[in-house]
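Going by my numbering, the first residue of the sequence shown is number -19, and it counts up by one from there.
Every residue, glycine too, gets a C-beta built ideally from N, C-alpha and C.
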Amino acid sequence: MQYKEEGALVVAKFTGGDVIHNLEQLALERDIHSAAVVSGIGMLSDAVIGFFNGREYVTHTVEGAAELVSLNGN
């Protein structure tokens, strides 16, 4: 993981591993307690995508390589 801080802004580059785990590790290393993901792009491999359908959390696995064209959230 590579990252750079500029005031309250942190820009990170992850190579390999789980996206959520990498974000959690960055937050632990930098003692970040709350944040928003403003933007993310790249490539994923065997991605698990999930959403809440109003009753339960549903997941779907995208096997192989997939292009991540947008990522944001909090």
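Query: Using CA atoms only, rank isn't needed, just tell me which of G44, R10, V17 and E(-15) is closest to D26.; Result: G44
Query: Rank I12, S14, G34 and I29 by C-alpha distance to the C-alpha of D(-2) and give the top, closest one.; Result: I29
Query: Would you please state the rounded distance, in angstroms, between the beta carbons of I21 and L(-11)? I believe it to be under 8 Å.; Result: 17 Å between Cβ atoms; not a contact.
Query: Sort out for me which residues DSSP pairs H40 with in a bridge.; Result: I29
Query: At the level of alpha carbons, what is the spacing between E9 and E36?; Result: 32 Å
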